[in-house]
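Undergrad: Right, I'll just put the structure down here and ask away after.
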Amino acid sequence: MTLTGHSPNKLLIVMVSLVLLPLSPKAAPSLRSVGKHIVPLHRQRVPVQGEDQVISYKSVYFGNVEVGLPEQHFSVVFDTGSGHVVLPSRECKSETCLIHNRFNRQASKHAVDVEYDGTPVKPGAPRDQITVAFGTGEVTGQFVLDRLCLGSVVAPPTSAAAVAAAAAAGTARLRSSGAELALRQRANTSSSAAADPLNCVDLRMVMATEMSHEPFHAFAFDGVLGLGLDGLALAPEFSFFGMMAAQRKELEQPSFGVFLADSDDEHSEISFGGHSPDRVASPLSWAPVASPELGYWQVQIKALRIGNRTLDYCNDGQCRAVVDTGTSLLAVPHDFADELMQELEGPLRDPPSSQTDGEGVDCRFAEGVPLHFDVEGATITLMPGDYARQAFQMEETGQEQGAKPAQGGSGSSAKPTCQPSLMPLELPEPLGPKLFIWGEPVLRKYYTVYDWGQKRIGFGLAVHSAEEDAAATEDAKKLPARGLLFL
């Protein structure tokens, strides 16, 4: 995070280096208490246009939240690669804001206008602003302190003691600055807020007054709920899960888990307060977060292998991978992208004709070599069906030599084929230059758990369907006792 400027009417700049794109462990909640809160996630696939046709798709997963009192409803991407809650403000008049739900600060009885440090804004005084960059776009906004509640339902308490702990849960546990105290006093005057449910958190948020066309215009979601570690936020009070861990002592565990569906027949979800065991086919294997002070959920890559052959690129110990729920692809260092593409593309073969639908190729059944990432305690493996996506290859149409193309035609056509889907990424230190981003390809195959208290990430083979469940379980039984070798 790069922060510049600190003066009246200042502009704070936060660079989120990913593509769309803590409190002390002593403050971690007790493990005795209620269950989890699960938010269903909806998938949107947005086409990527070439010159005259769709050449690929990018996916995004989002769920529902409520902000303020009375509640205002929004859809957000739960993004492990950023650190703030960002929503469009009613004050934003850009085309991108106007097509989404916008937060009406005046309509919320809870809302308090604040500076970035939590100080209430004085009437007529200039406001702090922040600019957050997300890959190809950015948002600029001001700060509001309010209550955010997760959508869906809370998993039921698991014991009488858990029920008692939930009933005894207090109200806001923020620092008693003027703004936080004002919010607490307002909360005590409203019946729905005073209930202080498990799924609600009081925190500072960014209300966007400007949103760039890219990447937000094409997506259905309204905003972003950052789940990065505290290093990605201006202050701990901006961190949603950090504040949830501090305010909700009745949480079952100070962690959250992510499941991304593999088809339209499944439902994706994010679970707060622990993970969903029924979504995991193998025991979780844990890897420590590398350099947690940077704010990213990243792990060190000890070795990179194609099949059984180790490539030299990560032998210097400098490779890392960020697990990012806001990225559709597998991102690889720019200076390594061509080499890795050649290694994967050469052996890659389209699936048999029996696995196609007549309109394209189903690259889930592509054939080729596995890609292995060795990290502490586990090996993350992507098969061709995980890293390949349908692309279009131009080829000449069958015409006699010297014949003219048909009217309206160019003499060539686009043939669907499977290709490795890699995104070159060039970042400076301290994140780069040898940084990989594990986006959707990894997150579909592995259920991931983010342990806020112990700063570690859990990986387990995801259960995707009844047909795949038995096979995945059998594979899990074959895994070695020392760390998991995921196949």
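Numbering (the UniProt record's numbering), first residue to last: 1 to 487.
Just so you know, even glycine gets a beta-carbon here, dropped at the ideal spot from N, CA and C.
#1: Tell me which same chain residues have a C-beta within less than 6 Å of the C-beta of Tyr447, skipping the five on either side of it?
#2: Please return the same chain residues whose Cβ sits closer than 8 Å to the Cβ of Leu31, not counting the five positions on each side in sequence.
#3: To the nearest whole angstrom, what separates the beta carbons of Leu425 and Glu269, a pair I think is in contact under 8 Å?
#4: Could you round the C-beta distance between Val139 and Ala208 to whole angstroms and report it? I think they count as a contact, below 8 Å.
#5: Is it right to say Gly223 is buried, meaning 16 or more other beta carbons lie within 10 angstroms of its own, or is it exposed?
#6: Could you check what DSSP says for Cys363 in three-state terms: helix, strand or coil?
#7: Please classify Tyr296 as buried or exposed, where buried requires at least 16 other C-beta atoms within 10 Å of its C-beta.
#8: Can you give me the Cβ contacts of Pro441 inside the same chain, cut-off strictly under 8 Å, excluding the 5 residues immediately before and after it?
#9: Tell me the residue span of the alpha helix (DSSP H) that contains Met341.
#10: Between Gly83 and the rest of its own chain, which residues show a CB-CB distance below 7 Å, the 5 nearest in sequence each way excluded?
#11: Tell me the DSSP bridge mates of Pro120?
#12: From the DSSP output, in three-state form, read off Phe216 for me.
#13: Using C-beta distances below 6 Å, list every residue in its chain close to Asp324, excluding the 5 sequence neighbours before and after it, in chain order.
#14: So, using beta-carbon positions, are Val332 and Leu340 closer together than 8 Å?
#15: Could you tell me the distance, in whole angstroms, from the CA atom of Val299 to the CA atom of Lys434?
#16: Measure the C-alpha to C-alpha separation of Gly63 and Arg305 and round it to an integer number of angstroms.
#17: How would you label Val67, buried or exposed, when you count the other beta carbons within 10 angstroms and need 16 or more for buried?
#18: Measure the C-alpha to C-alpha separation of Val114 and Lys122 and round it to an integer number of angstroms.
#19: Would you identify the three-state DSSP class for Pro22, choosing helix, strand or coil?
#20: With a threshold of 16 other CB atoms inside 10 Å of the CB of Ser465, please say whether the residue is buried or exposed.
#21: For Cys149, does the three-state DSSP call read helix, strand or coil?
#22: Distance check for Pro384 and Ile457, CA to CA, integer angstroms please.
#23: Return the Cβ separation of Gly317 and Glu214 in integer angstroms, given the expectation that the two are a contact with Cβ distance under 8 Å.
#24: Rounded to whole angstroms, what is the Cα-Cα separation between Arg248 and Thr417?
#25: Please classify Arg45: does DSSP put it in a helix, a strand, or coil?
#26: Excluding the 5 residues flanking Asn101 on each side, which residues of the same chain have their C-beta closer than 6 Å to its C-beta?
#27: Could you tell me which residues DSSP pairs with Trp452 in its beta bridges?
#28: Which runs of the beta strand (DSSP E) spanning at least 3 residues fall entirely within the region 240-304, listed in chain order?
#29: Applying the 10 Å Cβ sphere with the 16-neighbour rule, what's the burial state of Glu250?
#30: Roughly how many angstroms separate the alpha carbons of Phe336 and Tyr313, rounded to a whole number?
#31: Is the beta carbon of Gln390 closer than 8 Å to that of Val361?
#32: Taking the C-alpha atoms as reference points, what is the distance between Gln129 and Glu91?
#33: Just how far apart, CA to CA, sit Pro25 and Ala220?
#34: Could you tell me whether the Cβ atoms of Ala287 and Ala218 are closer together than 8 Å?
#35: I'd like the span of the alpha helix (DSSP H) that includes Leu311, first residue to last.
TA: Once the coordinates are examined:
#1: Closer than 6 Å at Cβ, skipping near neighbours: Phe259, Arg279, Val280, Gly460, Ala462.
#2: With a pLDDT of 29 at Leu31, under the threshold of 50, the predicted position of this residue should be treated as unreliable, though the coordinate-derived value follows. Correct list, in chain order: Glu252, Gln253.
#3: Contact doesn't hold; Cβ gap of about 28 Å is too wide.
#4: Contact flag correct, Cβ pair sits at about 4 Å.
#5: buried
#6: DSSP places Cys363 within a helical segment (H, G or I) once states are collapsed to three.
#7: buried
#8: Within the same chain, Pro441 has close Cβ partners Leu329, Leu330, Leu382, Asp386, Tyr387, Ser421.
#9: 334-345
#10: Gly226, Gly228, Leu232, Ala233, Phe238, Ser239, Gly295
#11: Val114
#12: helix
#13: Leu18, Thr80, Gly81, Ile437, Gly439
#14: yes
#15: 12 Å
#16: 35 Å
#17: buried
#18: Near 9 Å, if we compare the C-alpha coordinates of Lys122 and Val114.
#19: Only weak support exists for where Pro22 lies, its pLDDT of 31 falling under 50; the value from the coordinates is given anyway. In this structure, Pro22 counts as coil in the three-state DSSP scheme.
#20: Answer is exposed; the Cβ neighbour count stays below 16.
#21: strand
#22: Straight-line Cα distance between these residues: approximately 24 Å.
#23: The Cβ separation is near 36 Å, so there is no contact.
#24: In this structure, the CA atom of Arg248 is about 49 Å from the CA atom of Thr417.
#25: Residue state, collapsed to three classes: strand.
#26: Phe74, Asp222
#27: Per DSSP, none; premise fails for Trp452.
#28: Taken in chain order, the whole beta strand (DSSP E) runs of length 3 or more contained in the region 240-304 are 255-259, 268-272, 285-288.
#29: Buried is the call here.
#30: 8 Å
#31: yes
#32: 13 Å
#33: Its pLDDT being 30, under 50, Pro25 is placed unreliably by the model, and nothing is read from it.
#34: no
#35: Run containing Leu311: none; DSSP gives neither H nor E here.
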